Amino acid sequence: MNLSNCPQCGKVYVTNHYKLCANCLRDIEDQYRKCVDYLRQNRRCNLNELSEGTGVSIRMIIRFIREGRISTKDAPNVQTPCESCGEPIRDGTLCVGCRSKLSRDVQHMHEDTRRKEGLDMNEFGNTYMKDRSKFDKR
Ligand SMILES: [Zn+2]
Ligand SMILES: [Zn+2]
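full-length UniProt numbering applies: residue 1 is where the sequence shown begins, and numbers increase by one.
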């Protein structure tokens, strides 16, 4: 049995798949149901209206969308902010601009890693040589 602190309320609970204690889990279920109900009646609302109408925080709604529990197909006007620049987007976590920037960054990162690996190899070589001279003296 694994115990940990609930990230939501800080109480100790038995670790589960959701990484939340039973209380918070129920709380989130309630919030989720409120959102679904509200969307059924106000299909054209946007993220702010949904949050105001349900009392559920925007962060939580975004989480539901990210988890795929609320589909933006059911809420055509609900857009989530790009995780990088905050630009409202329909799907995913990043806008088109940030996505292409990210793939460029990843490419650079790979290049950096390669360069660093090369450096590490040199360092290893030097250490090896130093150690050897130490051994040679003995
Ligand atoms: Zn909790
Ligand atoms: Zn962006």
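Just so it is clear, CB atoms sit at the ideal spot from N, CA and C, and this is done for glycine as well. All values reported here derive from a predicted model rather than from experimental measurement.
Considering only the alpha carbon of each residue, which of His17, Asp74, Leu20 and Glu67 lies closest to Asp37? Residue Asp74 holds the alpha-carbon nearest to the alpha-carbon of Asp37 among His17, Asp74, Leu20 and Glu67.
Assign Val14 to one of three DSSP states: helix, strand, or coil. If DSSP states are grouped into helix, strand and coil, Val14 belongs with the strands.
Along the chain, where does the beta strand (DSSP E) containing Ser4 start, and where does it finish? Per DSSP, Ser4 belongs to the beta strand (DSSP E) from Leu3 to Asn5.
Pull up the CB-CB distance for Asn23 and Cys9, whole angstroms please, since I reckon it's below 8 angstroms. About 7 angstroms separates the two Cβ atoms, so the contact holds.
Which stretch, first to last residue, makes up the alpha helix (DSSP H) that contains Lys51? Per the sequence shown, the amino acid found at residue 51 is Ser instead of Lys. From DSSP, the alpha helix (DSSP H) with Ser51 extends over Leu47 to Thr54.
Just the Cα atoms here: how many angstroms apart are Asp112 and Arg104? When the Cα atoms are used, Asp112 and Arg104 turn out to be separated by approximately 12 angstroms.
Span separating the alpha-carbon of Ile89 from that of Ile62: Cα to Cα, the separation comes out at about 11 angstroms.
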